[in-house]
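Participant:
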Amino acid sequence: MNENKIVDLLVKYKQLTFIKILQQTMVSIFPFALIGTYCWALANSFLTTNSFFGRLTNIIKWFPAHNFASAIVSDVSLATTGVLAIYAAFISAELTMRHYGKNSNIVGVASVASYILMFIHTIRNTQQYEMNYYNATWFIFGIIVGYFVGWVFAKFGHDIPEGKDRDLVKTIIVNIKPLLIVLACALVIHLGFATYRQYQMDRIVAQSVSTVANQHSSYGLSILISLITTFTIWLGYAGTLNFSSNIFGNESIANLSYALSHKTPWNIPYPYTLQSLFNGFGGIGGVGATLALVIALILFSNKKQKRAIAMRSSVPVFFNVNFSLVVGIPTILNPIYVIPFVLSPIVNMLLGSIAIWIKLFPPLVYPVPDGTPGILAPLMGTGGNVVALIYTIFILIVDVLIYVPFVKLDNQVANKYEASLK
């Protein structure tokens, strides 16, 4: 397939109704994502005793109020990215109605109510509500719910044009039917999810994960988990991060115990664990090795808006917090970037493991502080080996070279898509 046909297919993909709504919604929530991302990076990398900056400067001595500052910053993060799925549901529903040339005063609220009804569940054995379903991890589901609600209101609702003398109460009453439809659908999903939890199927899944985690890792399994993690995040769901960050913890403990008892990181029992390879090399700039994407966009994108997004997101991306970037460009559900987004971490892990195999530097065994910049993780994980830092810079250059052709392809698709709108 030649390049022109690929560009044409990608333009047609961007013209799909749901993709239009998806990308417009992500553009709309980008300011909230950016603020939340900066707060997340600030709290995680600077304001706690176990953070990169906190441990480097012994923050507890010179900034006694660091816990208070961290709490305030975390509150701002909660108000932005912490309920981002709710914002996405509201905006997506409104944009969908506009796309179909309709108008409703309650479609946004109906979308929010539907989303909350689907996922309002208490934490088991407590009276507290589970809030994870409303944060940035689940925002793609908010967009899907909003799109569905907007479509139902456009199809079954009654629109009164803006130009006429509108009776607000009448407008709401005539749209009761679509409201009942979406709430009924939300209730069905709520009941299904409640049944899933009632029969403790979630615990069965968690136990299955624990069973895997307590086994010895293999190199192939580490690559597979990296592939699953990056691909699901490209789809818009970051829940697999919880899995990949906790798995094989026993092996990391065994490695650290060996290194401390023998006073050397060489010859540890498990040199190629998921935590050392993925966290050390695969996530330079966050999942998808997106620090390279920032550099490639700044250097090679011909779109001023995308260069601006890359520049504004560069600081949190440096500290491995890339949500504002993947939303603003976007990379989520963007076929242009699926290959480099998924491939780059795997290439990084392969290059890192080769270096360890030929004993260019020791395996990554020592704990790395929270919020450590991805490019410094191998340096700290090896106990300060400078060769590891130089090699990581080499890996970053390789990542940039991987992303560059796709940034140029994005330029072509954007130009042709904009021309089709004229």
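Heads up: the sequence shown begins at 1 in full-length UniProt numbering, then just goes up one per residue. Cβ atoms here follow ideal geometry from the backbone N, Cα and C, with glycine treated the same way.
#1: Using only CA atoms, which one of His121, Gly108 and Phe119 lies nearest to phenylalanine 148?
#2: Under a three-way DSSP split, which group does threonine 37 fall into?
#3: Quick check: the Cα distance between isoleucine 173 and threonine 25, rounded to an integer number of angstroms?
#4: May I ask you to verify whether the stretch 289 to 297 touches the stretch 249 to 258, counting CB pairs closer than 8 Å and requiring at least 3?
#5: Locate the alpha helix (DSSP H) running through alanine 220, then write down its first and last residues.
#6: Using three-state DSSP, classify serine 252 as helix, strand or coil.
#7: Quick one: residues in its chain with C-beta nearer than 6 Å to the C-beta of residue 440, no 5 flanking neighbours on either side, listed in chain order?
#8: Select from Leu191, Leu364 and Tyr134 the residue whose C-alpha is nearest the C-alpha of proline 265.
#9: Note the first and the last residue of the continuous alpha helix (DSSP H) segment covering leucine 360.
#10: If the criterion is Cβ atoms closer than 8 Å, does the pair threonine 37 and serine 70 meet it?
#11: Name the one or two DSSP bridge partners that serine 51 has.
#12: Among Asn348, Leu84 and Ala414, which one has its Cα closest to the Cα of tyrosine 272?
#13: Return the CA-CA distance between tyrosine 270 and glycine 352, expressed in angstroms with no decimal places.
#14: Apart from the five residues just before and just after isoleucine 181, which ones in its own chain have a Cβ nearer than 6 Å to its Cβ?
#15: Measure the C-alpha to C-alpha separation of leucine 401 and serine 344 and round it to an integer number of angstroms.
#16: In the structure shown, what three-state DSSP assignment does threonine 273 receive?
#17: Return the residue from the list Met118, Asp370 and Thr382 that minimises the CA-CA distance to serine 51.
#18: Less than 8 Å between the CB atoms is what I'm expecting for tyrosine 138 and alanine 85, so what's the real figure, rounded?
#19: Which residue wins for smallest C-alpha separation from glycine 18, given the options Pro316, Ser92 and Leu227?
#20: Classify tyrosine 237 as helix, strand or coil using the three-state DSSP reduction.
#21: Locate the alpha helix (DSSP H) running through glutamate 94, then write down its first and last residues.
#22: Given this structure, state the Cα-to-Cα distance separating glycine 384 from tryptophan 62, to the nearest angstrom.
#23: Would you report the Cα separation of aspartate 399 and phenylalanine 281, rounded to the nearest angstrom?
#24: Between the Cα of tyrosine 100 and those of Ile21, Lys177, Phe323 and Asn2, spot the shortest distance and give me the residue it belongs to.
#25: Quick one: is lysine 306 buried, meaning 16 or more other Cβ sit within 10 Å of its Cβ, or exposed?
#26: Within 10 angstroms of its Cβ, does proline 340 collect 16 or more other Cβ (buried), or is it exposed?
#27: Which stretch, first to last residue, makes up the alpha helix (DSSP H) that contains isoleucine 309?
#28: Which class does threonine 122 belong to by DSSP, given the choice of helix, strand or coil?
#29: Between Val407, Ala308 and Lys359, which has its C-alpha nearest asparagine 334's C-alpha?
#30: Which term fits threonine 57, buried or exposed, when burial requires 16 or more other beta carbons within 10 angstroms of its beta carbon?
#31: With a cut-off of 8 Å on the beta carbons, I'd call valine 7 and valine 413 a contact; round off their distance for me.
#32: How about glycine 381 and glycine 283: do their beta carbons lie closer than 8 Å?
#33: Find out if the Cβ-Cβ distance for the pair valine 338, tryptophan 234 is shorter than 8 Å.
#34: If you run the structure through DSSP and keep just helix, strand and coil, what is tyrosine 337?
#35: For residue 424, which beta-bridge partners are listed by DSSP?
#36: With DSSP collapsed to three states, give me the class of tryptophan 62.
Facilitator: Based on what the coordinates show:
#1: Nearest option by C-alpha distance: Gly108.
#2: Here DSSP, grouped into helix, strand and coil, assigns threonine 37 to helix.
#3: Linking isoleucine 173 to threonine 25 through their CA atoms gives a straight-line distance of about 28 Å.
#4: Flag = no, the stretch 289 to 297 and the stretch 249 to 258 do not touch.
#5: The question names alanine, but residue 220 is glycine in the sequence shown. Residues 219 to 234.
#6: Collapsing the DSSP output to three states places serine 252 in a helix.
#7: Outside the shown range of the chain (1 to 422) lies residue 440, about which nothing can therefore be said.
#8: Looking at the Cα atoms, Leu364 is the closest of the given residues.
#9: No alpha helix (DSSP H) contains leucine 360, which DSSP labels as neither H nor E.
#10: In this structure, serine 70 does not lie closer than 8 Å to threonine 37 by Cβ.
#11: Beta-bridge pairing links serine 51 to Asp370.
#12: Closest in C-alpha terms to tyrosine 272, from the list Asn348, Leu84 and Ala414, comes Asn348.
#13: Their backbone Cα atoms lie some 14 Å apart in a straight line.
#14: Only Val152 meet the Cβ criterion.
#15: Distance between the alpha carbons of leucine 401 and serine 344 is about 10 Å.
#16: Here threonine 273 sits in coil by DSSP.
#17: That would be Asp370, whose Cα lies nearest to the Cα of serine 51.
#18: Residue identity check: residue 138 is tryptophan in the sequence provided, not tyrosine. Contact between tryptophan 138 and alanine 85 is confirmed by a C-beta separation of about 5 Å, below the 8 Å threshold.
#19: At residue 18 the sequence reads phenylalanine, which differs from the glycine that was named. For phenylalanine 18, the closest of Pro316, Ser92 and Leu227 by C-alpha to C-alpha distance is Ser92.
#20: If DSSP states are grouped into helix, strand and coil, tyrosine 237 belongs with coil.
#21: Taken as a continuous stretch (DSSP letters only), the alpha helix (DSSP H) holding glutamate 94 covers 84 to 99.
#22: Taking the straight line joining both Cα atoms gives about 25 Å.
#23: Straight-line measurement puts the Cα of phenylalanine 281 at about 11 Å from the Cα of aspartate 399.
#24: Relative to the Cα of tyrosine 100, the nearest Cα in the group Ile21, Lys177, Phe323 and Asn2 belongs to Ile21.
#25: Its Cβ being crowded by 16 or more others within 10 Å, lysine 306 is buried.
#26: Under this definition proline 340 is a buried residue.
#27: Isoleucine 309 -> alpha helix (DSSP H) spans 304 to 318.
#28: Of the three classes helix, strand and coil, the one that applies to threonine 122 here is strand, per DSSP.
#29: Among Val407, Ala308 and Lys359, the Cα nearest to that of asparagine 334 is on Val407.
#30: Exposed.
#31: With a contact defined as Cβ atoms closer than 8 Å, valine 7 and valine 413 qualify at about 6 Å.
#32: Glycine 381 is not a Cβ neighbour of glycine 283, given a cutoff of 8 Å.
#33: Tryptophan 234 sits close to valine 338, with the two beta carbons spaced by under 8 Å.
#34: When secondary structure is reduced to three states using DSSP, tyrosine 337 falls in the coil class, being assigned neither helix nor strand.
#35: Because residue 424 is not part of the residues shown, which for the chain are 1 to 422, the question remains open.
#36: It is helical.
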